[in-house]
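Following: one structure in structure tokens, then a few remarks.
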Amino acid sequence: MKKLVIIPFLLLTFGAAKAQNCYASFNYTQNGSVVSFLNQSSPVDSFTTFLWTFGDGDTSFLSNPVHSYNSTGMHLVCLTMETSTGCTATYCDSVFTDTIGTATCYAAFSYSQDGPEFQFQNNSISQSAAVYEWNFGDGNTSSAYEPNHNYSQAGYYIVCLTVTADDGCTNSSCTYVQVIDTSCSIFLLYYMNGTDVQFYAGNPGNGNGSYSWDFGDGQTSGQMSPFHSYDSPGYYYVCVQYNDSNCYAIDCDSFYVGSADSCAAGFYAWQTNADVQFTPYYYDPLKSYLWSFGDGTYSNEGYASHTYSEDGIYEVCLTVTGGGCNSTTCQSLYFTADSLNNNNGYCEAGFEISGIDTATSTIWITDYSTGANTYLWDFGDGTTATVQYPSHTYNQGGMYEVCLTILCDSNQTSFHCEWVGIMDSLVGGNENEIRTGFTLNVIPATISSVATTELKEVIALFPNPTSGSIQFRLPEATNGEGTLQIRNSVGQLFIQQSYKVNNGETITAELHELPAGMYLLQFSINGKYFQGSVIKQ
Numbered sequence: 059m060k061k062l063v064i065i066p067f068l069l070l071t072f073g074a075a076k077a078q079n080c081y082a083s084f085n086y087t088q089n090g091s092v093v094s095f096l097n098q099s100s101p102v103d104s105f106t107t108f109l110w111t112f113g114d115g116d117t118s119f120l121s122n123p124v125h126s127y128n129s130t131g132m133h134l135v136c137l138t139m140e141t142s143t144g145c146t147a148t149y150c151d152s153v154f155t156d157t158i159g160t161a162t163c164y165a166a167f168s169y170s171q172d173g174p175e176f177q178f179q180n181n182s183i184s185q186s187a188a189v190y191e192w193n194f195g196d197g198n199t200s201s202a203y204e205p206n207h208n209y210s211q212a213g214y215y216i217v218c219l220t221v222t223a224d225d226g227c228t229n230s231s232c233t234y235v236q237v238i239d240t241s242c243s244i245f246l247l248y249y250m251n252g253t254d255v256q257f258y259a260g261n262p263g264n265g266n267g268s269y270s271w272d273f274g275d276g277q278t279s280g281q282m283s284p285f286h287s288y289d290s291p292g293y294y295y296v297c298v299q300y301n302d303s304n305c306y307a308i309d310c311d312s313f314y315v316g317s318a319d320s321c322a323a324g325f326y327a328w329q330t331n332a333d334v335q336f337t338p339y340y341y342d343p344l345k346s347y348l349w350s351f352g353d354g355t356y357s358n359e360g361y362a363s364h365t366y367s368e369d370g371i372y373e374v375c376l377t378v379t380g381g382g383c384n385s386t387t388c389q390s391l392y393f394t395a396d397s398l399n400n401n402n403g404y405c406e407a408g409f410e411i412s413g414i415d416t417a418t419s420t421i422w423i424t425d426y427s428t429g430a431n432t433y434l435w436d437f438g439d440g441t442t443a444t445v446q447y448p449s450h451t452y453n454q455g456g457m458y459e460v461c462l463t464i465l466c467d468s469n470q471t472s473f474h475c476e477w478v479g480i481m482d483s484l485v486g487g488n489e490n491e492i493r494t495g496f497t498l499n500v501i502p503a504t505i506s507s508v509a510t511t512e513l514k515e516v517i518a519l520f521p522n523p524t525s526g527s528i529q530f531r532l533p534e535a536t537n538g539e540g541t542l543q544i545r546n547s548v549g550q551l552f553i554q555q556s557y558k559v560n561n562g563e564t565i566t567a568e569l570h571e572l573p574a575g576m577y578l579l580q581f582s583i584n585g586k587y588f589q590g591s592v593i594k595q
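Read in order, the letters of the sequence shown are residues 59 to 595 in our numbering.
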């Protein structure tokens with residue numbers, strides 16, 4: 059007979075060093091010594107990481123793990139989360155087990171996602187024949203072993219799988235899934251005066267959600283348009299995140315803050331219908347501004363607007379003078395003369411740094427642009443490219459602002475810039491010293507240097523951490539030849555092996571020769587990608 063134990067509620071919370079814009083939480087269901095955990099942390103997106111400690115020496119990086127205890131008694135379980143903006147939070151609760159290994163079944167599943175369509179993989183275990191019941195949280199159910207489900211609306215849903223075995227065992231497992239409206243976006247704008255910066259979030263969904271800013275110096279904000287003062291000049295990597303019930307979007311940018319660069323003539327440009335708006339990175343009313351639009355016309359306004367008579371690529375230059383400053387910056391940009399039509403299309407230029415190899419002085423950036431028909435890359439050193447995935451070698455060290463302009467249907471354009479460079483401090487050099495020369499490679503979103511992919515499944519690796527080998531199990535009915543790749547956190551490939559898989563099986567990989575650290579594993583087979591992370595001790 060199962061024994062019911064009433065336990066006094068135990069809650070431990072640990073605040074993050076940054077402003078608390080996130081919180082960790084979980085619930086659980088129990089079947090003997092097998093415990094299924096339901097992650098209820100917020101906010102959660104595809105970049106959020108989790109670390110579970112189960113109080114018996116075991117850990118997990120899964121969002122919703124299932125754990126089997128080998129001893130009775132009280133176990134303190136803790137969940138630590140970290141969001142894409144660096145916010146961390148920890149939540150702990152107690153779990154009591156008074157039986158060992160009595161459960162004959164437990165429910166477990168994982169999933170892969172492509173927009174609103176989910177493919178669920180059944181990882182349940184039963185010692186006798188069983189039936190499976192899925193509840194997708196939107197009023198729909200399924201009794202298939204591994205169903206697919208397409209959600210009609212964006213939002214959060216609780217998906218539950220219940221296993222009922224012939225020997226009477228019943229167990230359930232649930233998890234949150236998020237269906238995101240991919241048509242929403244956000245972009246970061248800022249105006250600078252020395253080390254004082256006013257930030258703005260552009261195009262933030264419907265504007266009624268939550269904002270999370272990370273200023274790159276350990277400080278954060280939840281305001282829509284925060285003002286921030288930096289303690290010292292330097293390069294900072296800033297991110298803004300927007301989240302509501304129908305939209306999740308994030309944008310990041312790196313830039314120099316401080317008086318040493320306060321007269322730099324960098325600028326933004328974007329087109330709305332036939333009008334092109336030009337905005338300097340730093341506006342100072344005591345300085346003079348001269349815009350050259352590349353078609354023989356000029357303006358001395360600080361914030362300029364211009365209409366072009368013909369479609370084409372124009373070299374736009376801004377010169378800033380006054381107060382001992384004389385700086386000029388030029389960019390080759392594509393603009394159109396026609397009014398833009400929405401055409402139910404979506405046009406957004408976007409890319410981000412996805413890997414750095416300090417040994418070979420190589421940077422990979424992943425192109426996430428949507429709707430592009432033509433590309434124009436400006437590498438910030440006077441050279442350009444018009445292919446989607448160029449490779450460029452810089453002959454001199456330094457930080458360079460790389461800009462991408464895309465042209466979409468109905469002559470719609472979009473523009474995005476990021477600072478790139480490899481600092482010697484990454485390999486033990488002086489933190490203010492810049493490496494001499496490096497190579498920049500632009501890669502597709504499905505090939506990322508750290509093996510990201512649009513359709514992926516997170517798998518459990520065990521033991522984790524490990525001092526030697528790791529194992530993972532593939533879903534049933536997985537057959538064919540697969541490839542295993544293991545990389546470090548900056549994308550360097552350490553292991554690549556081929557495996558023949560029959561009806562799903564346990565794969566073993568040897569990590570004995572790898573140095574201690576965090577590693578990313580990807581196993582690809584038949585167009586599917588399985589990923590996980592492991593700590594090598």
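Where a beta carbon is used, it is the ideal one built from N, C-alpha and C, also for glycine.
Can the beta-carbon of I466 be found closer than 8 Å to that of N431?
The residue labelled residue 466 in the question sits at position 408 within the sequence shown. The residue labelled residue 431 in the question sits at position 373 within the sequence shown. Per the sequence presented here, residue 466 reads as Cys, with Ile not at that position. The answer is yes: Cβ separation under 8 Å.
For S83 and N181, what's the separation of their Cα atoms in angstroms?
Counting from one through the sequence shown, the residue named residue 83 turns up at place 25. Counting from one through the sequence shown, the residue named residue 181 turns up at place 123. Approximately 24 Å between the Cα atoms of the pair.
Collapsed DSSP secondary structure at D436 in the structure displayed
As a working mapping, residue 436 is identified with position 378 in the sequence shown. Three-state DSSP puts D436 in a strand.
Can you say whether L344 is buried or exposed, counting buried as having 16 or more other CB atoms within 10 angstroms of its CB?
The residue labelled residue 344 in the question sits at position 286 within the sequence shown. It counts as exposed.
Can you tell me whether Y361 is buried or exposed? The criterion is at least 16 other CB atoms within 10 Å of its CB, across all chains shown.
On the sequence shown, position 303 is the one that residue 361 refers to. The residue in question, Y361, is exposed, as its Cβ has fewer than 16 Cβ neighbours within 10 Å.
Exposed unless 16 or more other CB atoms sit within 10 angstroms - verdict on G267
In the sequence shown, residue 267 corresponds to position 209, counting from 1. Buried, because 16 or more other Cβ atoms sit within 10 Å of the Cβ of G267.
When the distance is taken between beta carbons, is A187 closer than 8 Å to N229?
As a first step, residue 229 must be located in the sequence shown, where it is residue number 171. As a first step, residue 187 must be located in the sequence shown, where it is residue number 129. No, these two residues do not count as a Cβ contact at 8 Å.
Let me check one thing: in DSSP terms, what residues is E571 bridge-paired to?
Within the sequence shown, the letter at position 513 stands for residue 571. According to DSSP, which records beta bridges pairwise, E571 is partnered with nothing at all.
Are the region 193-202 and the region 210-222 touching, with three or more C-beta to C-beta distances below 8 Å?
yes
First and last residue of the beta strand (DSSP E) that includes V93?
Against the sequence shown, residue 93 aligns to sequence position 35. V92 to N97 is the span of the beta strand (DSSP E), which, as asked, contains V93.
Length-filtered (3 minimum) beta strand (DSSP E) runs lying within the region 251-297
254-260, 268-272 and 285-287
Inter-residue Cα distance where the pair is C163 and S472:
If you number the sequence shown from 1, residue 163 lands on position 105. If you number the sequence shown from 1, residue 472 lands on position 414. Each residue's Cα considered, the two are about 53 Å apart.
Is it buried or exposed for G90, if we count other Cβ within 10 angstroms and need 16 for buried?
Taking the first residue of the sequence shown as position 1, residue 90 is located at position 32. Per the 10 Å Cβ criterion, buried.
Which value, in whole angstroms, describes the spacing of the CA atoms of G226 and V189?
By one-based count along the sequence shown, residue 226 stands at place 168. By one-based count along the sequence shown, residue 189 stands at place 131. The straight-line gap from Cα to Cα measures roughly 11 Å.
Alpha carbon to alpha carbon, what distance is there between G538 and C80?
Residue mapping note: residue 80 aligns to position 22 of the sequence shown, counting from 1. Residue mapping note: residue 538 aligns to position 480 of the sequence shown, counting from 1. Straight-line Cα distance between these residues: approximately 42 Å.
Rounded straight-line distance, which links the Cα of S385 to that of S527
Numbered from its first residue, the sequence shown carries residue 527 at position 469. Numbered from its first residue, the sequence shown carries residue 385 at position 327. When rounded, the distance between both Cα atoms is 57 Å.
When the distance is taken between beta carbons, is Y294 closer than 8 Å to G276?
Position 218 of the sequence shown, counted from the first residue, corresponds to residue 276. Position 236 of the sequence shown, counted from the first residue, corresponds to residue 294. Contact: no.
Please look up how many angstroms separate the CB atoms of Y458 and G438, rounded, as I've assumed it's under 8 Å.
Counting from 1 along the sequence shown, the entry for residue 458 is found at position 400. Counting from 1 along the sequence shown, the entry for residue 438 is found at position 380. With 8 Å as the limit, Y458 and G438 qualify as a contact, their Cβ atoms being about 4 Å apart.
Could you tell me if P573 is buried or exposed, where buried requires 16 or more neighbouring beta carbons within 10 angstroms of its beta carbon?
Against the sequence shown, residue 573 aligns to sequence position 515. Classification of P573: exposed, given that the 10 Å Cβ count is below 16.
Take the Cβ of H570 as the centre, count every other Cβ of all protein chains shown within 10 Å, and call the residue buried at 16 or more, exposed below.
As a first step, residue 570 is located in the sequence shown; it is residue number 512 there, counting from the start. With fewer than 16 other Cβ atoms within 10 Å, it is exposed.
Output the distance between the C-alpha atoms of T130 and V153, rounded to the nearest integer angstrom.
On the sequence shown, position 72 is the one that residue 130 refers to. On the sequence shown, position 95 is the one that residue 153 refers to. Whole-angstrom Cα-Cα distance: 10 Å.
To test your reading of the DSSP string, which unbroken beta strand (DSSP E) runs of 3 or more residues are found completely within the region 317-375?
325-330, 333-338, 346-350 and 362-365
Would T497 and T442 qualify as a contact pair, given that the criterion is a beta-carbon distance under 8 Å?
Here residue 497 refers to the residue found at position 439 of the sequence shown. Here residue 442 refers to the residue found at position 384 of the sequence shown. In this structure, T442 does not lie closer than 8 Å to T497 by Cβ.
Tell me, please, which residues DSSP counts as bridged to Q236.
To locate residue 236, count along the sequence shown from 1; it is residue 178. DSSP lists Y214 as partners of Q236.
Alpha carbon to alpha carbon, how far is D289 from D254? Give it in angstroms, no decimals.
In the sequence shown, the residue the question calls residue 254 occupies position 196. In the sequence shown, the residue the question calls residue 289 occupies position 231. Straight-line Cα distance between these residues: approximately 9 Å.
Which residue from I308, G540 and S118 puts its Cα closest to that of V298?
Counting from 1 along the sequence shown, the entry for residue 298 is found at position 240. That would be I308, whose Cα lies nearest to the Cα of V298.
Going straight from the alpha carbon of P521 to that of T424, what length do you get?
For this step, residue 521 is matched to residue 463 along the sequence shown. For this step, residue 424 is matched to residue 366 along the sequence shown. Looking at the two C-alpha atoms, the distance is approximately 32 Å.
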